[in-house]
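Undergrad: Going from the sequence shown to this note's numbering is simple: count from 1 and add 492. Cβ coordinates follow ideal geometry from the N, Cα and C atoms, glycine included. This structure is a prediction, so every number in the text was calculated from the model and none was measured.
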Amino acid sequence: MRKPIIAGNWKMNKTPSEARQLVQELAPLVADAQCDVVVCTPAVDFAAVSEAIRGTNIKLGAQNVHWKESGAYTGELSAAMLKEAGCEYVVIGHSERRQYFGETDETVNLRTRAAVAAGLTPIICVGEKREQREAGYTDTLVAYQTLTALTGLTAEQVAKVVIAYEPVWAIGTGLTATDEQANETIGVIREAVRSAYGDAADEVRIQYGGSMNPKNAHGLMLQPQIDGGLIGGASLKAEDFSKVVHFE
Ligand code: 13P
């Protein structure tokens, strides 16, 4: 069975001192979690957070990674840098990066390959915009996004990645996909993985993201295809995030 994974995506929130405080509050609240617990923080918070999570069950993640090992790429961070700073996970291809920073399916693939090669677990984000859902090509789009992101990986590597299905219209809007909508589209993503990587599809963990919170987490997590959540706003308060982590 797939172990659920609940990850907070802090986005551009929390200075190092705020980050330390949040994680110190969070640690005792999630110590008994049955799922994997991850916080994906701004890079300036890595030192404070990796120190604060020592000896806890909380894992650290980044929000982006460059695909080159090193060189003249001002402002970028390599996978080796993230590893040495204590990261085990990295969010790749978030819709905000696609929307505001020119991220494409091809650069998502380059980042994914670099992350996997360095031993980081990528959390690869896919999802449709509202007009794409209304036009009826959600399934085609998420399958394409997923398979493009994974191109070049082996089935064994694919089995270990995390995919986050985040419908763009549900992010930060208070609108959530219904439990059934999320389950159905995640099922489509899993079948796309199966078409190229066979049984790895049964191991790959696929999260839902988009206004997931203490109120709706239980229903979403009851769905058979949904293996966890990628949480934005509700991950910025220890108590709320802990409630999502305890979705039972
Ligand atoms: P919200 O939970 O704030 O809608 O954000 C979801 C998200 O984008 C997580 O990556």
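1) Is it buried or exposed for residue 743, if we count other Cβ within 10 angstroms and need 16 for buried?
2) Within the present structure, is the beta-carbon of residue 718 separated from the nearest heavy atom of the ligand 13P by less than 7 Å?
3) With DSSP as the reference, label residue 508 as helix, strand or coil.
4) Which word fits residue 687, buried or exposed, when buried means at least 16 other C-beta atoms lie within 10 angstroms of its C-beta?
5) Apart from the five residues just before and just after residue 568, which ones in its own chain have a Cβ nearer than 6 Å to its Cβ?
6) To which residues of the same chain is residue 540 closer than 6 Å at the C-beta, ignoring the five residues directly before and after it?
7) Would residue 666 pass as a contact of residue 503 if the rule is Cβ separation under 8 Å?
8) Sort out for me which residues DSSP pairs residue 637 with in a bridge.
9) Is it true that the region 577 to 584 meets the region 596 to 613, where meeting means three or more beta-carbon pairs spaced less than 8 Å apart?
10) Just the C-alpha distance for residue 637 and residue 595, rounded to the nearest angstrom, thanks.
11) Is DSSP giving residue 718 helix, strand or coil here?
12) Report yes if the C-beta distance between residue 697 and residue 711 is below 8 Å; otherwise report no.
13) Are there any heavy atoms of the ligand 13P lying less than 7 Å away from the beta-carbon of residue 648, as far as the coordinates show?
14) Could you check if residue 585 belongs to the surroundings of the ligand 13P, using beta carbon to heavy atom distance under 7 Å?
15) Is residue 547 near the ligand 13P, in the sense that its beta carbon is under 7 Å from a heavy atom of that ligand?
16) Give the secondary structure of residue 569 by DSSP, where H, G and I count as helix, E and B as strand, and everything else as coil.
17) Taking Cβ positions, are residue 612 and residue 571 nearer each other than 8 Å?
18) Please tell me whether, using a cut-off of 7 Å, the distance from the CB of residue 501 to the nearest non-hydrogen atom of the ligand 13P is below it.
19) Exposed or buried, what is residue 537 when buried is set at 16 or more other beta-carbons lying within 10 Å of its beta-carbon?
20) Can you say whether residue 714 is buried or exposed, counting buried as having 16 or more other CB atoms within 10 angstroms of its CB?
21) What are the start and end residues of the beta strand (DSSP E) that includes residue 552?
22) With a threshold of 7 Å (Cβ to nearest heavy atom), would residue 663 be considered close to the ligand 13P?
23) Assuming residue 497 and residue 699 make a contact with CB atoms under 8 Å, what is their CB distance in whole Å?
24) Using C-beta distances below 6 Å, list every residue in its chain close to residue 548, excluding the 5 sequence neighbours before and after it, in chain order.
TA: Taking the coordinates as given:
1) Limits of the chain in this structure are 493 at one end and 740 at the other, which puts residue 743 out of reach.
2) By 1-based counting over the sequence shown, the position of residue 718 is 226. Checking the Cβ of residue 718 against the ligand 13P gives no.
3) Reading the sequence shown from its first residue, position 16 is the one you call residue 508. It is helical.
4) In the sequence shown, residue 687 corresponds to position 195, counting from 1. That one is exposed.
5) Within the sequence shown, residue 568 is the residue found at index 76, counting from 1. The residues are 558.
6) Walking along the sequence shown from the start, residue 540 turns up at place 48. Cβ within range, chain order: 508, 511 and 512.
7) In the sequence shown, counting from the first residue as 1, residue 666 sits at position 174. In the sequence shown, counting from the first residue as 1, residue 503 sits at position 11. No, Cβ-Cβ distance for residue 666 and residue 503 is not below 8 Å.
8) Residue mapping note: residue 637 aligns to position 145 of the sequence shown, counting from 1. Answer is none; residue 637 lacks a bridge partner.
9) yes
10) Against the sequence shown, residue 637 aligns to sequence position 145. Against the sequence shown, residue 595 aligns to sequence position 103. Using only the alpha carbons, I get a separation of about 12 Å.
11) Stepping through the sequence shown from its first residue, residue 718 is reached at position 226. If DSSP states are grouped into helix, strand and coil, residue 718 belongs with coil.
12) Here residue 697 is taken as the residue at index 205 of the sequence shown, counted from 1. Here residue 711 is taken as the residue at index 219 of the sequence shown, counted from 1. Taking 8 Å as the Cβ cut-off, residue 697 and residue 711 do not qualify as a contacting pair.
13) Along the sequence shown, read from residue 1 onward, the residue named residue 648 stands at position 156. Every heavy atom of the ligand 13P is 7 Å or more from the Cβ of residue 648, so no.
14) On the sequence shown, residue 585 is found 93 positions in, with the first residue counted as 1. No, since every heavy atom of the ligand 13P falls outside the 7 Å radius drawn around the Cβ of residue 585.
15) Counting from one through the sequence shown, the residue named residue 547 turns up at place 55. For the ligand 13P, not one heavy atom lies less than 7 Å from the Cβ of residue 547.
16) Counting from one through the sequence shown, the residue named residue 569 turns up at place 77. Of the three classes helix, strand and coil, the one that applies to residue 569 here is coil, per DSSP.
17) The residue given as residue 612 occupies position 120 in the sequence shown. The residue given as residue 571 occupies position 79 in the sequence shown. Yes.
18) Position 9 of the sequence shown, counting from 1, holds the residue named residue 501. Because some heavy atom of the ligand 13P lies under 7 Å away, the Cβ of residue 501 counts as near it: yes.
19) Along the sequence shown, read from residue 1 onward, the residue named residue 537 stands at position 45. That one is buried.
20) Within the sequence shown, residue 714 is the residue found at index 222, counting from 1. Burial call: exposed.
21) Counting from one through the sequence shown, the residue named residue 552 turns up at place 60. Here the beta strand (DSSP E) through residue 552 covers 550 to 554.
22) Taking the first residue of the sequence shown as 1, we reach residue 663 at position 171. Yes; taking the cut-off as 7 Å, the Cβ of residue 663 has a heavy atom of the ligand 13P nearer than that.
23) As a first step, residue 497 is located in the sequence shown; it is residue number 5 there, counting from the start. As a first step, residue 699 is located in the sequence shown; it is residue number 207 there, counting from the start. Residue 497 to residue 699, Cβ: 7 Å. Contact.
24) The count along the sequence shown starts at 1 and reaches residue 548 at position 56. For residue 548, where only same-chain residues beyond five positions count, the Cβ hits under 6 Å are 519.
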